[in-house]
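Inspection log for the structure reproduced underneath, given as structure tokens.
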Amino acid sequence: MNELRIALYQPDIPGNTGTILRLAACLGLAVDIIEPAGFDLSDRNLKRAGMDYIAAVTLTRHVNWERFETWRAESGRRLVLASTKAAEPYTRFEFRADDILLFGRESAGVPDHVHDRADARILIPMAPGQRSLNIAMASAMIVGEAIRQTGAF
1 MNELRIALYQ PDIPGNTGTI LRLAACLGLA VDIIEPAGFD LSDRNLKRAG
51 MDYIAAVTLT RHVNWERFET WRAESGRRLV LASTKAAEPY TRFEFRADDI
101 LLFGRESAGV PDHVHDRADA RILIPMAPGQ RSLNIAMASA MIVGEAIRQT
151 GAF
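So the sequence shown is numbered by full-length UniProt numbering: it starts at 1 and just counts up by one.
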């Protein structure tokens, strides 16, 4: 298993979360879900998107941001936030093998206090006038680059 982790801040679309869990299972990554989620984590749409891969994921649920942040601080890991408000393209960022890649809610991103706690903020450059990518697609792009850079493939 890779040391790299994916963290989802209060995810609100079960199909996207299931897809990210499947991605993590296939790449050997752990996933942190920072609750509350906008759906029941036993949701059938989550299970349909994640299929039988969900059983292969190391999944840690954190009851809230504060508990996650305490755990992260104790682990000494760097928190890298994917944000449309960031300035640094993810392809120019230097990832570490033990980074936690944080993705916000599909509907609202992350609040300012979470944004402020990130050690780094990265974005996916997009065509002018476009707001954001689907979170599952964005996580796949960023995770792929992080794994490529850290030699985990």
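Backbone N, C-alpha and C define an ideal beta-carbon position, used for all residues, glycine too. The structure displayed is predicted, hence computed values, not measured ones.
When the distance is taken between beta carbons, is Ile-13 closer than 8 Å to Glu-106? Taking the first residue of the sequence shown as position 1, residue 106 is located at position 106. Taking the first residue of the sequence shown as position 1, residue 13 is located at position 13. Result yes, Cβ atoms of Glu-106 and Ile-13 sit closer than 8 Å.
Straight-line gap, Met-126 to Phe-103 (C-alpha atoms, nearest Å): Taking the first residue of the sequence shown as 1, we reach residue 126 at position 126. Taking the first residue of the sequence shown as 1, we reach residue 103 at position 103. Spanning the two alpha carbons is a distance of roughly 17 Å.
Can you tell me where the beta strand (DSSP E) with Val-80 in it begins and where it stops? Taking the first residue of the sequence shown as position 1, residue 80 is located at position 80. It spans 79 to 82 - the beta strand (DSSP E) in which Val-80 sits, taken as one unbroken run.
Quick one: what does DSSP say Pro-14 is sitting in, helix, strand or coil? As a position in the sequence shown, residue 14 is number 14, starting the count at 1. Correct three-state label for Pro-14: helix.
Neighbourhood of Leu-123 by C-beta, 8 Å cutoff - its chain only, sequence neighbours within 5 removed: Counting from one through the sequence shown, the residue named residue 123 turns up at place 123. If we look at Leu-123 and ignore the five residues flanking it on each side, its Cβ neighbours are Ala-82, Ser-83, Thr-84, Lys-85, Ala-86, Ala-87, Glu-88, Pro-89 and Tyr-90.
Taking contact to mean at least 3 C-beta pairs separated by less than 8 Å, is the stretch 63 to 82 in contact with the stretch 107 to 123? yes
C-alpha gap between Ala-73 and Thr-58, whole angstroms: Taking the first residue of the sequence shown as 1, we reach residue 73 at position 73. Taking the first residue of the sequence shown as 1, we reach residue 58 at position 58. The straight-line gap from Cα to Cα measures roughly 20 Å.
Out of Asn-2, Asp-52 and Asp-112, point me to the one whose CA is closest to Gly-28's CA. Residue mapping note: residue 28 aligns to position 28 of the sequence shown, counting from 1. Checking every option, the nearest Cα to that of Gly-28 belongs to Asn-2.
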